[in-house]
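Q: Quick one: the structure is below, and I'll ask about it shortly.
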Amino acid sequence: MGNADASLAELNIFYARFEAAAKHASGTNSMHAERAGEVNTFTISEHDVRRAFKSEYQEGSRTRWHRSPPLFQPNCINYRPVALTLVVIKCFERLVRDFITASLPDTLDPLQFVYRQNRSTEDAIAHLLHTTMSHLDYRKGNYTKLLFVNYSSVFNTIIPSTLTSKLKVLGLSLPLCQWISNFLTDRPQAVRVGKHTSSTLTLSTEAPQGCVLSPLLYSLYTYECVATSNSTTIKFADDIVVVGPISNNDEMAYLQEFKNLERWCQENNLLLNVSKTKELIMDLSTKQGRSYQPLNINGTPVERVDSFRYLGVKITQGLSWSCQTNTLVKKAWQRLYHLRRLMDSKLPSQMLKTFYNCTIESVLTGSITSWSREQHHVGQCRTKARKIVKDLSHPNNGLFTLLHSGKRFRSLKANTRRMRRSFFPQAIRSLNQETPRI
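So the sequence shown is numbered by my numbering: it starts at 20 and just counts up by one.
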């Protein structure tokens with residue numbers, strides 16, 4: 020596509036790839052198409068498109084999948100609706116998703132690390148740890164509060180009209196905004212349990228889970244949720260953490276940031292889940308008996324924890340990684356059992372190696388550049404750092420500044436061994452050793 024208009028002709032071109040096979044398929048899932056003369060293409064009328072998206076797409080019944088262990092007592096809270104849609108519709112959603120992301124400016128919400136080129140969970144974790152450790156390293160007595168925010172049924176509370184207004188502000192074309200609004204409104208929904216299906220209920224609120232577009236639409240819905248003070252709001256889809264650097268025991272800015280977050284949630288129909296929202300305090304000072312201001316959501320205090328799993332990495336109060344390594348080793352040992360069984364079956368060595376790389380090594384090395392300090396991971400740090408240096412829109416690009424000679428990067432100030440061995444100082448030292456490769 021050359022512009023932001025998802026025209027009918029472009030839909031025809033897209034569906035022509037799938038209709039030849041679907042035309043001979045049985046059932047009602049195949050879409051009607053008319054052959055245009057002798058040309059080997061298919062055209063889809065506006066009526067066909069409307070019917071396809073309203074019937075085949077929106078009437079995909081939803082099954083409520085149980086989220087809890089089998090021994091857990093069933094409860095309505097432990098279920099979530101999941102949209103079941105056609106494969107061809109999911110392919111079309113991916114096309115629209117890629118088109119929307121290409122239409123967005125690079126400067127939009129730089130601390131939203133999902134659906135951005137050259138962004139991953141490693142970037143979000145590294146930014147969180149660097150923001151925290153640099154403040155702790157700056158002056159003795161500093162401490163940092165991390166608020167891990169959780170919403171109740173976040174995708175089910177999105178208001179399509181509010182989302183459409185925000186998309187227009189972002190510069191998306193009117194036809195595309197209208198299509199998204201039509202995609203989210205008047206959606207028939209039914210619940211299927213075994214052989215029983217409930218009556219149909221029409222909904223005009225939410226971005227259905229199970230759809231390819233829903234995470235992207237949510238990230239655009241929350242792009243205005245940014246820090247207004249010296250705090251930092253880091254987002255990876257619906258995983259949000261507010262980083263509050265505290266100096267001289269002054270928590271007023273952090274508390275005000277939390278109030279701003281509460282007010283923003285009320286204005287955008289998002290409900291904070293107080294039972295899953297956690298606060299982690301990182302205080303490495305030796306002072307005893309320091310008092311911290313509590314946080315409350317609708318009169319209920321937010322629980323303080325000693326550790327929290329953020330994007331697969333266990334972060335603790337003392338920035339110790341023993342808990343993270345123990346968890347990974349335990350998972351790896353569980354998977355080694357299956358590897359031994361495969362070895363007993365006399366499978367080829369290449370197949371065993373593939374199994375090991377996919378199920379064991381991937382667990383041990385997940386996001387390892389963000390938290391590991393071992394020397395043999397320097398190569399991975401260097402590769403990641405090169406990508407950040409080349410990406411001018413990356414939020415951490417400013418940490419890599421060249422000296423006047425233009426051959427070496429300026430080292431980051433580090434007063435403690437912990438800071439010196441963190442990702443960014445270590446990556447800069449590694450780049451300075453092999454600068455010609457950049």
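C-beta: ideal position from N, C-alpha, C; glycine also.
Note down, one range per segment and in chain order, each alpha helix (DSSP H) of at least 4 residues found wholly within the segment 189–241.
A: List check, alpha helix (DSSP H) in window: 193–203, 233–240.
Q: In the DSSP assignment, what are the bridge partners of R328?
A: Translated into the one-based positions of the sequence shown, residue 328 becomes position 309. For R328, which the question treats as bridged, DSSP gives the partners K333.
Q: Quick one: what does DSSP say D302 is sitting in, helix, strand or coil?
A: Counting from one through the sequence shown, the residue named residue 302 turns up at place 283. Coil at D302, not helix or strand.
Q: Between which residues of its own chain and S326 is the CB-CB distance below 8 angstroms, once the five residues before and five after are set aside?
A: Along the sequence shown, one-based indexing puts residue 326 at 307. Within the same chain, S326 has close Cβ partners L299, K333, I334, T335, Q336, C342.
Q: Determine, using beta carbons only, whether W163 and V262 come nearer to each other than 8 angstroms.
A: Numbered from its first residue, the sequence shown carries residue 163 at position 144. Numbered from its first residue, the sequence shown carries residue 262 at position 243. Note that residue 163 is Thr in the sequence shown, not Trp. Yes, the pair counts as a contact, with Cβ atoms nearer than the cut-off.
Q: Where does R448 sit, in a helix, a strand or coil, going by DSSP?
A: Sequence index remark: in the sequence shown, residue 448 carries index 429 (1-based). Helix at R448.
Q: Give the straight-line distance between the Cα atoms of L418 and D302, rounded to the nearest whole angstrom.
A: As a position in the sequence shown, residue 418 is number 399, starting the count at 1. As a position in the sequence shown, residue 302 is number 283, starting the count at 1. Roughly 24 angstroms between the two C-alpha positions.
Q: Where A143 and Y242 are concerned, what is the direct C-alpha to C-alpha distance, given to the nearest angstrom?
A: What you label residue 143 is simply residue 124 of the sequence shown in a count that begins at 1. What you label residue 242 is simply residue 223 of the sequence shown in a count that begins at 1. Cα to Cα, the separation comes out at about 16 angstroms.
Q: Do F167 and T247 count as a contact pair if the criterion is CB distance below 8 angstroms?
A: As a working mapping, residue 247 is identified with position 228 in the sequence shown. As a working mapping, residue 167 is identified with position 148 in the sequence shown. No, Cβ-Cβ distance for T247 and F167 is not below 8 angstroms.
Q: Assign G160 to one of three DSSP states: helix, strand, or coil.
A: Working through the sequence shown from its first residue, we reach residue 160 at position 141. It is coil, neither helix nor strand.
Q: Looking at T251: is its Cβ nearer than 8 angstroms to the Cβ of S223?
A: Sequence index remark: in the sequence shown, residue 251 carries index 232 (1-based). Sequence index remark: in the sequence shown, residue 223 carries index 204 (1-based). Not a contact, by the Cβ cut-off of 8 angstroms.
Q: What residue range is occupied by the uninterrupted beta strand (DSSP E) comprising K254?
A: What you label residue 254 is simply residue 235 of the sequence shown in a count that begins at 1. Taken as a continuous stretch (DSSP letters only), the beta strand (DSSP E) holding K254 covers 251–255.
Q: Please classify L383: does DSSP put it in a helix, a strand, or coil?
A: As a working mapping, residue 383 is identified with position 364 in the sequence shown. Here L383 sits in helix by DSSP.
Q: To the nearest whole angstrom, what separates the beta carbons of T219 and Q208, a pair I think is in contact under 8 angstroms?
A: Taking the first residue of the sequence shown as position 1, residue 219 is located at position 200. Taking the first residue of the sequence shown as position 1, residue 208 is located at position 189. 7 angstroms between Cβ atoms; contact.
Q: Using a Cβ-Cβ cutoff of less than 7 angstroms, which residues in the same chain neighbour F255 once the five nearest sequence positions on both sides are dropped?
A: Stepping through the sequence shown from its first residue, residue 255 is reached at position 236. Taken in chain order, the residues that qualify are F132, V133, T140, A143, L330.
Q: By how many angstroms is the C-alpha of D128 removed from the C-alpha of I119?
A: Residue 119 sits at position 100 when you count from the first residue of the sequence shown. Residue 128 sits at position 109 when you count from the first residue of the sequence shown. Whole-angstrom Cα-Cα distance: 15 angstroms.
Q: Taking Cβ positions, are L289 and Y170 nearer each other than 8 angstroms?
A: By one-based count along the sequence shown, residue 289 stands at place 270. By one-based count along the sequence shown, residue 170 stands at place 151. Against a cut-off of 8 angstroms, the Cβ pair of Y170 and L289 comes out as a contact.
Q: Taking 8 angstroms as the cut-off, decide whether the C-beta atoms of L148 and L189 are in contact.
A: Looking up residue 148 in the sequence shown gives position 129. Looking up residue 189 in the sequence shown gives position 170. Contact flag unset, no.
Q: Check this for me: beta carbons of E380 and L232, under 8 angstroms apart or not?
A: Residue 380 sits at position 361 when you count from the first residue of the sequence shown. Residue 232 sits at position 213 when you count from the first residue of the sequence shown. Not a contact, by the Cβ cut-off of 8 angstroms.
Q: Mind checking R135: buried by the 16 CB within 10 Å criterion, or exposed?
A: Taking the sequence shown and counting its residues from 1, one reaches residue 135 at position 116. Buried, because 16 or more other Cβ atoms sit within 10 Å of the Cβ of R135.
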